[in-house]
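Residue numbers (the working numbering): 399 to 788. Every residue gets a Cβ at the ideal spot worked out from N, C-alpha and C, and that includes glycine. What follows is a single structure, written as structure tokens, with notes after it.
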Amino acid sequence: MAKNAQIFEEALEVFKKQFSREPEKVVAAPGRANIIGEHTDYNDGHVLPIAIDRYTVAAGANRPDRIFKFYTANFNEKFEFNMDDLPQKRPQWVSYMMGVAAEIENDGFKMSGKEIAVYGNVPIGSGLSSSAALEIATATLFERLEGWNMEDARMVNICRRADHNFVGVNSGPMDQFASRACRKGHAGLLDCRSLEMTQHKLPDNILFLSIYSGIPRSLATSEYNERQESCQKAVEILKKTNPGVTALRDATTKMVEAAKHELGDRVYRRAKHVVTEEQRVFDILEAFTKNNLTRIGKLLLEGHKSLSVDYEVSLPILDEMIEWFYKRTGVIGARLTGAGFGGSLICLVETEKTDIEELTASFIEEFKNKTPESPEIWQLTTVDGAKYNH
Ligand code: GLA
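What follows is the structure, given as structure tokens:
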């Protein structure tokens, strides 16, 4: 996989080659890993992501007309359209970029045409938000080329509408917000109702590992949308006796338990996950502040089990991987990160006590024949979001 410096160079070079001129602006938007707060974002709850050192880089220049020309070096594909006559048939990578362009205009901005080349090393389909990185890279590039100064919340909502209206996934705001506004060395606590993010410094004695499970995310869209519908159903039921509940973020464990029968087993378990997960976000923040690694590990495991048993977005092999990590020296904790159904795990380790090479080699040895694709581990570095990359 290409290194970050190569990605920047390459994006510049492919721009020059494709469009026979120098780019006017270049931006880099990172992928994300979520520490905790899974499937809480579309319930108006809280999430705690980090931006990671894998990027989508977008290089671009203005045109005087309304023609948009996109090129991706990842797929070596080109696409061209007129902003006043959007084509219905297009590859998915274009849907993200064209969706952002169209939704920016629907939000009241007006743009001239653009030429853009993108290149990225956020692994695609691995649960680390390559699509949000592509959207935020595109939106931030438009912002710089047009000389706007867009609020984070506004940009994130625009990108979400691109997901909803052009791609067909009803995603929450976490991934785009992390890619835009997280800070190096910090986890960003995002309130998904107010869309305000506060930065929380991470302890110096821990490292993050990203583990690609070797199972590409599949079925994700339909299952993801089903989880949202269940949460909505829970809200409809809970608000009959608790009028203040407009999203699951407002519900308590007590309310969910009291309505257990009426919710029915499946919806009850979905609601239980969200309500308990919301609490875990705050509990883990407190444990970070106190540097209480044992507590962090316990909360990560509880979070994973809740995703597995109640939210049903894990798989037996992913549960096996989590158990495996908890038996290793130096591991603080691990859990599934992102939407689930395959994808990636995140593992926190104590820097001093962990032999990362040994851990990586024995993990690969253990799981290499148990998954359709090769599992991978790499050490993550937290980075700044696209807004801060100049
Ligand atoms: C995906 C979505 C996010 C969020 C997570 C689950 O990554 O894009 O909005 O819902 O799943 O926490």
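Own chain, CB closer than 6 angstroms to residue i, minus 5 neighbours either side, in chain order
i, result
"Asn640", "Met653"
"Asn568", "His562, Asn623, Gln626"
"Ile433", "Leu446, Ala585"
"Ala685", "Arg693, Ile694"
"Lys476", "Tyr469"
"Arg678", "Ile434, Leu697, Gly701"
"Thr749", "Asn603, Leu605"
"Asn787", "Ala426"
"Lys670", "Val654, Asp708"
"Thr651", "Val673"
"Tyr666", "Lys658"
The beta strand (DSSP E) enclosing residue i, as first and last residue numbers
i, result
"Val781", "Taken as a continuous stretch (DSSP letters only), Val781 belongs to no beta strand (DSSP E), as it is neither H nor E."
"Asn555", "Segment 550-560 is the alpha helix (DSSP H) holding Asn555; no beta strand (DSSP E) there."
"Tyr453", "447-460"
"Ser742", "742-748"
"Leu484", "Careful: Leu484 lies outside any beta strand (DSSP E) and carries neither H nor E."
Any non-hydrogen atom of ligand 1 within 7 angstroms of residue i CB
i, result
"Asp573", "yes"
"Asn385", "This structure cannot speak to residue 385, because the chain is shown only from 399 to 788."
"Gly783", "no"
"Tyr440", "yes"
"Asn460", "no"
"Ser569", "yes"
"Ala737", "yes"
"Ser620", "no"
"His444", "no"
"Ser527", "yes"
"Asn432", "yes"
"Glu771", "no"
"Glu660", "no"
"Glu634", "no"
"Glu436", "yes"
Own chain residues within Cβ distance below 7 angstroms of residue i, not counting five before or after
i, result
"Ile465", "Glu478, Asn480, Gly511"
"Thr619", "Gly566, Val567"
"Thr596", "Leu587"
"Asp442", "Cys590, Arg591, Ala645, Arg647"
"Asp681", "Leu697"
"Gly642", "Asp648"
"His598", "His584, Ala585, Leu587, Leu683, Phe686"
"Arg558", "Ser569, Pro571, Gln574"
CB contact flag (residue i, residue j, <8 angstroms)
i, j, result
"Ile715", "Arg733", "no"
"Ala459", "Glu422", "yes"
"Ala737", "Val711", "yes"
"Ala551", "Tyr517", "no"
"Tyr453", "Pro428", "yes"
"Phe606", "Ala431", "yes"
"Ile762", "Gln777", "no"
"Met719", "Ile556", "no"
"Tyr494", "Ala560", "yes"
"Phe507", "Ala457", "no"
"Arg664", "Ser628", "yes"
"Glu764", "Trp722", "yes"
"Gln486", "Glu533", "no"
"Leu593", "Val554", "yes"
Start and end residues, alpha helix (DSSP H) containing residue i
i, result
"Glu513", "No alpha helix (DSSP H) holds Glu513; the beta strand (DSSP E) holding it covers 512-518."
"Phe761", "754-765"
"Lys703", "691-703"
"Phe417", "402-417"
Presumed contact (8 angstroms Cβ cut-off) between residue i and residue j, rounded CB distance
i, j, result
"Leu698", "Leu746", "7 angstroms"
"Ala579", "Lys785", "6 angstroms"
"Met509", "Phe540", "6 angstroms"
"Ala409", "Ala515", "6 angstroms"
"Thr752", "Thr727", "7 angstroms"
Other residues of its chain near residue i: CB distance less than 8 angstroms, five sequence neighbours each side excluded
i, result
"Pro614", "Gly523, Ser524, Gly740, Gly741, Pro770, Glu771"
"Phe473", "Pro489, Trp491"
"Leu484", "Met496, Ala500"
"Pro462", "Ser510, Gly511"
"Thr536", "Ala456, Tyr494, Met495, Val498, Ala499, Ile514, Val516"
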